[in-house]
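These notes concern the structure reproduced below.
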Amino acid sequence: MAEFNRLLKAALCPWNRHGYCKPALSVHQFATAGPSFTVDYKKDCFLKDGEPFRYISGSIHYSRVPRVYWKDRLLKMYMAGLNAIQTYIPWNFHEPTPGLYDFTGDRDLPHFLQLCQDIGLLVILRPGPYICAEWDMGGLPSWLLKKKDIVLRSSDPGYITAVDKWMGKLLPMIKPFLYQNGGPIITVQVENEYGSYFACDYNYLRHLAKLFRSHLGEQVVLFTTDGASVGYLKCGALEGAYATVDFGPGGNVTAAFEAQRYAEARGPLVNSEFYTGWLDHWGEPHSVIPTAVVVKSLNEMLEIGANVNLYMFIGGTNFGYWNGANSPYAPQPTSYDYDALLTEAGDLTEKYFAVRDVIKMYKKIPDGVVPPSTPKFAYGPVEMKKLRTVSESLDILSFSGPVKSPYPLTFVELNQAFGFMLYQTTLPIDCSKPTPLSSPFNGVHDRAYVTIDGVVAGILERDKAISINVTGKAGSHIHILVENMGRVNYGKGINDFKGLVSNLTLGADTLTNWTVYSLSIDEAVRDGLIWEAGVRRASSSANPSPPPAALSQPTFYGGTFQIPDGIPDLPQDTYLQFPNWSKGQVWINGFNLGRYWPSRGPQVTIFVPAHVLSTRAVNNVTILELEAAPCSPGPCVVKFTDTPIINATVKAITPCMREPLNTQHHSWLH
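This is the structure in structure tokens:
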């Protein structure tokens with residue numbers, strides 16, 4: 001320990017408050033023909049164009065921030081004093097089906113990289129193939145699970161073949177953006193926290209390193225990231241890639257970097273994920289990390305010359321279905337605010353300015369004014385009307401039609417990645433008395449809404465409610481709508497199949513003879529099919545509104561509103577609130593904003609970026625309420641507000657111990 005401290009204070013290229021590196025060893029200058037970025041093991045520094053260099057960077061996930069706001073967020077990061085940003089590349093964000101790639105719109109990675117360079121920010125790139133990131137399946141595409149026994153993140157031939165094809169598309173695309181090629185990318189990560197994964201497959205890591213080199217060349221600095229513990233580094237460190245660690249505030253900085261020295265005896269100290277906040281789960285209190293704790297540890301690291309990445313600088317939003325989950329099953333909410341320096345909506349915080357003040361002590365802050373927080377507008381209430389139930393809408397929701405099977409089929413078997421599938425069968429016997437409908441092997445992935453002859457019977461939920469009692473006559477129709485609430489993104493459970501992944505039983509009998517519908521709800525909403533069908537149903541029906549119990553079926557609701565005239569600078573960002581609603585999915589003008597679940601919390605409002613709103617036409621709000629809408633006997637509303645609520649009191653649920661996250665240095669969690 002004494003020797004390690006001596007190295008830290010005397011020979012580790014200690015950066016002083018004036019922002020330069022004062023090496024204890026002789027400076028070795030060498031000429032370069034062009035831009036270069038290297039690791040100097042003698043001076044324990046990075047070298048940029050032959051000069052000692054230390055980065056202070058922040059994480060931003062372009063996949064969680066609308067393209068129209070990339071520049072705003074990056075400028076705020078630049079004005080905080082950062083000289084680099086770090087970002088992940090989610091494979092499933094760009095290759096939704098094998099061989100079909102999408103780098104347009106919010107997925108325009110080249111544009112994002114160019115924007116970073118134009119603003120003056122270097123890039124630390126983390127292309128995976130696995131990224132964790134609290135992102136669905138850790139960024140791996142679910143179609144990999146078509147090979148049921150595939151071992152992800154390993155030398156499994158099926159996995160390696162898919163990885164090679166993906167990287168063969170991705171890496172040539174990013175090569176022009178490498179620093180030595182005149183671009184902003186200074187380092188590229190191989191895999192992600194591999195030391196936390198059970199496989200410990202060195203051949204897999206070596207294959208990735210060779211693959212990256214073959215596409216990117218020998219000059220690029222490859223690196224790995226693992227928890228600040230020797231145990232993680234034993235399986236995560238890789239020859240030919242610089243080993244870095246990650247840890248949060250409040251712990252022992254010296255001990256954490258001593259773990260890095262296990263893998264890298266010399267070279268720059270690097271914390272690739274210094275946690276400014278922490279992730280949330282539905283049903284658990286919103287995570288908040290005190291600013292004072294963050295700035296204290298940040299100052300300690302900068303004082304000894306460490307390179308630091310602030311994870312997250314801005315968290316953003318899990319739009320649509322992109323959130324991940326942990327094991328035992330606990331999905332993350334739509335907001336990925338993370339208690340970061342910028343809020344989910346990109347607003348400035350006290351933590352932003354406190355961190356900026358610390359950075360100011362070690363490097364010059366850019367001149368100029370920090371871009372302000374974006375204005376928010378409360379558009380008020382929108383009256384919602386029932387359109388139709390999911391069961392009534394199968395003709396417009398299931399583009400591929402029903403599939404017959406003796407046993408339930410999973411999402412991947414029907415080529416569906418996200419959203420919902422409907423399972424139908426009949427009661428094989430009379431159930432005059434309550435009879436358990438069960439998933440004995442915990443095979444509901446993830447939440448099942450059960451109705452019998454149109455009457456709600458209950459909800460089955462993964463790891464929480466595996467049995468409900470039902471009644472009905474033989475031949476009664478069972479409808480089970482199964483929701484994919486996000487795939488596990490961390491640990492050995494990432495092979496996360498969705499749907500009914502094992503048989504259901506009624507009493508002692510196994511239910512068979514299923515009709516399964518793959519549902520294309522997003523497409524139906526985007527194309528206006530649900531609204532058209534709802535209008536036809538309302539105009540042709542002579543029956544009064546159904547009693548409140550019928551509203552408990554998974555049901556679509558719709559409402560419209562217009563942006564008011566005479567107010568300048570509209571539309572503006574806003575938040576959507578769901579007074580007395582329970583759980584569901586929400587779209588505005590066909591854009592899937594994500595999941596709402598105010599009945600469980602802690603998130604109550606959904607962030608609505610201004611670019612999804614229209615000032616020229618009527619705006620449509622579509623809701624799929626899964627449990628119970630407050631729409632009978634009177635009207636119901638959703639409400640646009642200018643204030644977010646992501647820290648509400650949560651509803652108590654059955655507690656469970658999740659697979660441990662990488663929290664050995666996250667003292668605020670204890």
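Position 71 (the sequence shown) corresponds to 71 in the UniProt record's numbering; numbering is contiguous. All C-beta atoms in this analysis are idealised placements derived from N, C-alpha and C, irrespective of residue type, glycine included. This one's a predicted model, so the numbers in the text were calculated from it and none came from an experiment.
Fully enclosed alpha helix (DSSP H) runs of no fewer than 4 residues occupy 70 to 79, 91 to 94 of the stretch 33 to 95, in order along the chain. By the Cβ neighbour-count rule, Gln260 is buried, with 16 or more other Cβ atoms within 10 Å of its own.
The beta-carbon separation of Asp339 and Val288, rounded to 5 Å, stays under the 8 Å limit for a contact. Counting only unbroken stretches of 3 or more residues, the beta strand (DSSP E) elements lying wholly within the stretch 392 to 460 are 402 to 405, 420 to 426, 431 to 438, 447 to 452, in sequence order. The Cβ atoms of Glu523 and Gly584 do not sit closer than 8 Å to each other. Separation of the CB atoms of Gly217 and Gly195 is rounded to 26 Å, and the pair is thereby denied contact status at 8 Å. No Cβ-Cβ contact shorter than 8 Å links Thr389 with Leu506. In the structure shown, Trp514 falls within a strand segment according to DSSP collapsed to helix, strand and coil. Between the alpha carbons of Ala465 and Gly380 lies a gap of roughly 37 Å. Take Pro635, set aside five residues on each side of it, and the residues of its chain with a beta-carbon closer than 6 Å to its own are Glu383, in chain order. In this chain, His611 is not harboured by any beta strand (DSSP E), its DSSP state being neither H nor E. Look at the beta carbons and you see the stretch 465 to 477 not touching the stretch 396 to 413: under three pairs across the two are nearer than 8 Å. Burial of Thr87 is indicated by the presence of at least 16 other C-beta atoms within 10 angstroms of its C-beta. DSSP places Thr276 in the coil class of the three-state scheme, outside both helix and strand.
Taken through DSSP and simplified to helix, strand or coil, Ala162 comes out as helix. Proximity of the stretch 68 to 86 to the stretch 342 to 362 meets the contact definition, three or more beta-carbon pairs being nearer than 8 Å. Our two residues, Val450 and Lys433, have alpha carbons roughly 17 Å apart in a direct line.
Along the length of the stretch 105 to 141, whole alpha helix (DSSP H) runs at least 4 residues long occupy 109 to 119, reported in chain order.
Here Arg616 is exposed: its Cβ has fewer than 16 other Cβ atoms, across all protein chains shown, within 10 Å. Shown here, Glu483 sits in a strand according to DSSP, grouped into three states. Pairing Leu145 with Pro375, the inter-Cα distance amounts to about 43 Å.
Considering only Thr104, Arg213, Ser155, the residue with the shortest C-alpha distance to Leu178 is Arg213. Ile174 has its alpha-carbon roughly 16 Å from the corresponding atom of Glu95.
Taking the C-beta atoms as reference points, Thr334 is found nearer than 8 Å to Arg595. Taking every protein chain shown into account, the CB of Ala325 has 16 or more other CB atoms within 10 angstroms, so this residue is buried. The residue from Thr555, Gly601, Lys169, Arg487 with its alpha-carbon nearest to that of Val586 is Thr555. Secondary structure at Gly584: strand, using DSSP grouped into helix, strand and coil. Around the beta carbon of Pro141, a 10 Å sphere encloses 16 or more other beta carbons of the protein chains shown; the residue is thus reported as buried. Across the structure, Leu122 and Pro66 are spaced so that their CA atoms are roughly 20 Å apart. Scanning Pro406, Leu576, Pro568 for the CA closest to the CA of Thr510 turns up Pro406. The criterion of a C-beta distance shorter than 8 Å is not satisfied by Pro331 and Met137. Distance from the CA of Leu570 to the CA of Ser518, rounded to the nearest whole angstrom, comes to 39 Å. DSSP, reduced to helix, strand and coil, places Ala330 within a strand of the structure shown.
Contact check for Gly240 against Arg600 fails: the beta carbons are separated by 8 Å or more.
In this structure, Arg126 lies away from Tyr197, with their beta-carbon atoms at least 8 Å apart. Put simply, the backbone Cα of Lys404 is about 7 Å away from that of Asn513.
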